[in-house]
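Protein chains: 2
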Amino acid sequence: MSATIPDRHSEQPGRIMSGEIVEQPAVLRRILDEGGPKIREIAEAVAAKKPRFVLLTARGTSDNAALYAKYLLEVRLGIPCGLTSMSTTTAYGAQPDLTDVLVITVSQSGGSPDLVASTKAAREAGAITLAVTNNAESELAAVSEFHIDVLAGPEKALPATKTYTAELLSLYLFVEGLRGGDGAAAAALPDLAQRILARGAEVKQLAGRYRFAERMVLTSRGYGYPTAKEAALKLMETSYIPALSYSGADLLHGPLAMIDAISPVIAIVTDGKGGEALQPVLERLRGRGADLVVIGDEAEVAKASAGFALPTDGVPEELQPILEILPLQLLAYEVTIARGQDPDAPRALAKVTETR
Amino acid sequence: MSATIPDRHSEQPGRIMSGEIVEQPAVLRRILDEGGPKIREIAEAVAAKKPRFVLLTARGTSDNAALYAKYLLEVRLGIPCGLTSMSTTTAYGAQPDLTDVLVITVSQSGGSPDLVASTKAAREAGAITLAVTNNAESELAAVSEFHIDVLAGPEKALPATKTYTAELLSLYLFVEGLRGGDGAAAAALPDLAQRILARGAEVKQLAGRYRFAERMVLTSRGYGYPTAKEAALKLMETSYIPALSYSGADLLHGPLAMIDAISPVIAIVTDGKGGEALQPVLERLRGRGADLVVIGDEAEVAKASAGFALPTDGVPEELQPILEILPLQLLAYEVTIARGQDPDAPRALAKVTETR
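As given, the protein sequences belong to chains A and B, one line each in that order.
Those letters in the first sequence? Residues 775 to 1130, by our numbering.
Those letters in the second sequence? Residues 775 to 1130, by our numbering.
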């Protein structure tokens, strides 16, 4: 099932993870400068095939990037999408008719045998196949009709950070390309990411709130929802704090009962329609006396128990997820350090998870 | 956002929920006897329209039923499916082209304004629309082209139980109808459900293990995965224990780090390919010294720390979810009673959640 786990205890705990977090502005710039034209070419070739449906396949962090792409495809392109339940093909041998279906498989390593197998099967079933990976030499890239390299450079930390934002930006540029756009709105991201990552001291202070937390809840709506899921995953795999994530609407269907004054809630409030749709949920949470931390707009942060104001000046809502996750990656790192653990050495995990 | 919360504190805590749990064998029998022919008719009418893609829309417990239907549709019919991200239409006004798309909306009450609005929008966008509700007089039933009544009778408890299994069986019969089958394999379910629900004493003993649990993890693969999600929701909304659910494969991508000897894991091991695919995950969990409770096959239960053996004699894997959830509903009830709370009165919840 798993590869041997290398000894990742570095002299300075979290050195590998923090090093990759701060690489992100440079990675985003590389994608815009070097990756953009190639992504646009691929998007044009895919658009010419006129896909009617999109299926997205991924696991872990890449699954959260796939969910982001689902929102983009549905909202900006009006193409119905689904996230694959992979066991339907790998365990049950389902053979769906995939004519006119674009199957996008997202994977940092491009090496998971189940993703390779399901992509192969999709191609044989008539799908247009696109792999989005951080390894152009990977088997997944080889078996797919199209491949986008997210150009993040080798990722050595077990908790994925720079490949997540690289996947988001690459998928954004791809979807913009499908609709004939140039993705120019993304140009501001590298500098904004730099400014956010320079505010580590603020996040460190925020981390103090969670040092002793026994659980956490993350919530958002719309474009911010993948951020809530990815932040929960990051917190769990580094600090081991059980972190539950819900879309704001789902939170009201049951899990709200679990929230009390000792359960901190992190809300990602995008500056746009998702943030607006989250307002009634925030009201309910405040009404229940929840400890509410807001990542987002300054005015929203001011109304919460604490937060991190995002400089989204002019960045459209659909690009904000690339910025929102940055303070949350730092938070996962800082909480883990505060708890005396090493973010570079999550117990029990291997970099390439060989699920079948 | 929410209706006024009625005073549900009954004299005997959990009386309403437990009353509805034990109704399930009768509800299943009613669906088979009275609902079956009508469901088959609807399935034939939908099949004649030759849908190429299915989108499922639901929230909370019904969303778990929708996920079950997604597995059925993909595995048994080979139709690609997606679960709707509802905010794409309600918040962002996405207008996907839904020609040849079957949109199935599942809702106990049929009254959530967002589900009504998204179903209307889908119908206008060319979709074949099917509502699956427990209220034939509901607005959702009215705005949909087709409607399946799950015939569970009024559900008064806030934690949904009998409408969940009623939704599962109705969706199963619908999918069987789509493929021209008669769903005869389901005939054994009412009696088996009765036998399982008679074993309350066993579940009560199991509940003792979790009385002081600070968190729980539920896992499964394939057809059992919706059961893991629904059991987690049930535990959270009644006992407030944070319960995380993962497909076995996803568990290995990060959250595994969180599992230690004090984090109980409940694994739903179906008797079939899903259970086989879960084996490597069970091995990893045993290797990490996790407290592992198995719901499923007797031999699997024997290898675990504890469990509940399911009498699945001859019931095909795709029908087992209708049985698997029963001991877990009882468990949520018993743990809540053991913790001195009232399962009939989850704080902060209303029966019809009016998300928009």
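Cβ coordinates follow ideal geometry from the N, Cα and C atoms, glycine included.
Under a 10 Å Cβ-count criterion, proline 1000 of chain A is classified as buried, with 16 or more other Cβ atoms of the shown protein chains found around its own Cβ. Put simply, the CB of proline 1038 of chain A is far from chain B, with every gap to its CB atoms at 8 angstroms or more.
As for any alpha helix (DSSP H) of minimum length 4 sitting wholly inside the segment 785–863 of chain B, the runs are 789–796, 798–804, 810–822, 834–846, ordered along the chain.
Taking a cut-off of 8 angstroms for Cβ pairs, the segment 1010–1029 of chain B and the segment 1080–1098 of chain B do not touch, as fewer than three such pairs fall below it.
About 4 angstroms separates the CB atoms of proline 1101 of chain A and phenylalanine 1082 of chain A; that is less than 8 angstroms, so the two are in contact.
Look at proline 1029 of chain A: its C-beta is under 8 angstroms from a C-beta on chain B. Annotation: glutamate 898 of chain B to threonine 863 of chain B spans about 12 angstroms, alpha carbon to alpha carbon. Under a 10 Å Cβ-count criterion, lysine 930 of chain A is classified as exposed, with fewer than 16 other Cβ atoms of the shown protein chains found around its own Cβ. Beta-bridge pairing by DSSP links histidine 1027 of chain B to no other residue. Proline 799 of chain B does not reach chain A, its nearest Cβ partner there being about 25 angstroms away, counting only Cβ pairs nearer than 7 angstroms. Closer than 7 angstroms at the C-beta level to chain A, one finds these residues of the segment 979–1002 of chain B: Glu988, Arg989, Arg995, Gly996. Rounded to the nearest angstrom, the Cβ distance from valine 1109 of chain A to isoleucine 1015 of chain A is 7 angstroms, consistent with a contact under 8 angstroms. Bounds of the beta strand (DSSP E) holding methionine 990 of chain A are 990–994.
Going by C-alpha positions, arginine 1113 of chain A is about 32 angstroms away from alanine 1106 of chain B.
Cβ neighbours of serine 944 of chain B within its own chain (closer than 7 angstroms, five residues either side excluded): Ile805, Gly809, Ile813, Val906, Ile922, Val924. Phenylalanine 827 of chain A and lysine 978 of chain A have their C-alpha atoms roughly 43 angstroms apart. Glycine 951 of chain B sits in a helix when the DSSP states are folded into three classes.
Here phenylalanine 920 of chain A is near threonine 903 of chain A, since their CB atoms are less than 8 angstroms apart. Taken through DSSP and simplified to helix, strand or coil, glycine 982 of chain A comes out as helix.
Rounded to the nearest whole angstrom, the C-alpha separation of serine 881 of chain A and glutamate 1057 of chain A is 37 angstroms. Under a criterion of Cβ atoms nearer than 9 angstroms, no residue of chain A is adjacent to aspartate 1065 of chain B; the nearest Cβ is some 15 angstroms distant. Looking at the DSSP output, valine 877 of chain B sits in a beta bridge with B:Leu829, B:Thr903. Around the beta carbon of phenylalanine 986 of chain B, fewer than 16 other beta carbons sit within 10 angstroms, so the residue counts as exposed. At least 8 angstroms separates the beta-carbon of proline 1120 of chain A from that of alanine 1064 of chain B.
For the 8 angstroms CB-CB criterion, serine 994 of chain B and glycine 1048 of chain B form a contact.
Within chain A, the residues placing a beta-carbon under 9 angstroms from that of isoleucine 853 of chain B are Pro870, Asp871, ordered along the chain.
For threonine 1086 of chain A, there are no neighbours in chain B by C-beta distance under 9 angstroms, as the nearest C-beta there is about 17 angstroms away.
Contact of proline 811 of chain B with chain A is not assigned, every C-beta pair being separated by 8 angstroms or more.
The residue among A:Val1075, A:Glu818, A:Leu857 with its C-alpha nearest the C-alpha of aspartate 837 of chain A is A:Leu857. Chain-ordered, the chain B residues with CB closer than 9 angstroms to the CB of phenylalanine 827 of chain A read Arg826, Phe827, Pro854, Gly856, Val875. Between proline 854 of chain B and phenylalanine 948 of chain B, the alpha-carbon positions lie close to 16 angstroms from each other.
In summary, no residue of the segment 936–954 of chain B has a CB separated from any CB of chain A by less than 8 angstroms. Taking each of A:Thr1044, A:Val1039, A:Leu1052, A:Glu1011 in turn and checking the Cα distance to aspartate 1034 of chain B, the smallest one comes out for A:Glu1011.
DSSP, reduced to helix, strand and coil, places glycine 1081 of chain B within a strand of the structure shown. Between methionine 791 of chain A and proline 1117 of chain A, the gap from beta carbon to beta carbon is short of 8 angstroms.
Contact between valine 1089 of chain B and leucine 966 of chain B holds, since their C-beta atoms are separated by about 7 angstroms, short of 8 angstroms.
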